[in-house]
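Visitor: In our numbering, the protein residues as written are 23 to 179.
Backbone N, C-alpha and C fix where the C-beta goes; we use that ideal spot for every residue, glycine too.
If you're wondering where the values come from, they're calculated on a predicted model, not measured in any experiment.
Quick one: the structure is below, questions incoming.
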């Protein structure tokens, strides 16, 4: 019999799989930001590739000049981005559905970090409102702050 934690972990693994497929399994790290605040679901993601932290639409920037004979060209078309975000959003809604079903609190924010080589997923979760109580703050702002934070850390490594 599956318990809540199995569903919760499985749905997060599905999000990772979507992001991994988006980069054709060629990334060092995947960072997934999920947010749920009163009736608003948001997901976005970015990557670390060849030591460079890049947004999902900047993937090709991370491979230029790395290996000119084997230079991958990622499909970062708007349509592909929208599809990945839509599927990720559906997974987030399923997490919320399972939280309700098992009478568990839905996280208002999840920051997931997947280390591809180590096959390791770590998450940070918040349960208090993050942006809906702020008039100037949107989920995109929080995502960008996290991106910049990770990018700063990555340059120190």
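Starting from residue 19, follow its DSSP beta bridges and name the residues at the other end.
Guide: The structure shown does not extend to residue 19, since the chain is modelled only from 23 to 179, so the question has no answer here.
Visitor: Can you name, in chain order, every residue of its own chain whose Cβ lies under 8 Å from the Cβ of residue 168, other than the five neighbours on each side?
Guide: Numbered from its first residue, the chain shown carries residue 168 at position 146. Here the set comprises 53, 55, 133.
Visitor: Measuring alpha carbon to alpha carbon, tell me which of 146, 164, 143 ends up nearest residue 153.
Guide: As a first step, residue 153 is located in the chain shown; it is residue number 131 there, counting from the start. Closest by alpha carbon: 164.
Visitor: Give me the residue from 143, 172, 170, 158 with the minimum Cα distance to residue 41.
Guide: For the purposes of this step, residue 41 is taken as the residue at position 19 of the chain shown. For residue 41, the nearest C-alpha among the options comes from 143.
Visitor: Keeping to the same chain, check which residues put their C-beta closer than 8 Å to that of residue 182; ignore five residues upstream and five downstream.
Guide: The first residue shown for the chain is 23 and the last is 179, placing residue 182 beyond what the model contains.
Visitor: How many Å lie between residue 105 and residue 79 at the Cα?
Guide: Looking up residue 105 in the chain shown gives position 83. Looking up residue 79 in the chain shown gives position 57. For residue 105 and residue 79, the distance between alpha carbons rounds to 13 Å.
Visitor: Mind checking which residues open and close the beta strand (DSSP E) that includes residue 95?
Guide: Translated into positions along the chain shown, residue 95 becomes position 73. Where residue 95 is concerned, there is no enclosing beta strand (DSSP E), given that its DSSP letter is neither H nor E.
Visitor: Using CA atoms only, rank isn't needed, just tell me which of 34, 24, 25 is closest to residue 147.
Guide: For the purposes of this step, residue 147 is taken as residue 125 along the chain shown, with counting starting at 1. Nearest option by C-alpha distance: 34.
Visitor: By the DSSP assignment, the beta strand (DSSP E) with residue 142 in it spans what residues?
Guide: What you label residue 142 is simply residue 120 of the chain shown in a count that begins at 1. Run containing residue 142: 142-148, per the beta strand (DSSP E) assignment.
Visitor: Give the straight-line distance between the Cα atoms of residue 172 and residue 122, rounded to the nearest whole angstrom.
Guide: Against the chain shown, residue 172 aligns to sequence position 150. Against the chain shown, residue 122 aligns to sequence position 100. Answer to the nearest angstrom: the Cα atoms are 32 Å apart.
Visitor: Look at the alpha carbon of residue 82 and the alpha carbon of residue 103, and state the distance between them as a whole number of angstroms.
Guide: Stepping through the chain shown from its first residue, residue 82 is reached at position 60. Stepping through the chain shown from its first residue, residue 103 is reached at position 81. Going from the Cα of residue 82 to the Cα of residue 103 covers about 14 Å.
Visitor: DSSP state of residue 154, grouped into three classes?
Guide: For the purposes of this step, residue 154 is taken as residue 132 along the chain shown, with counting starting at 1. Three-state DSSP puts residue 154 in coil, outside helix and strand.
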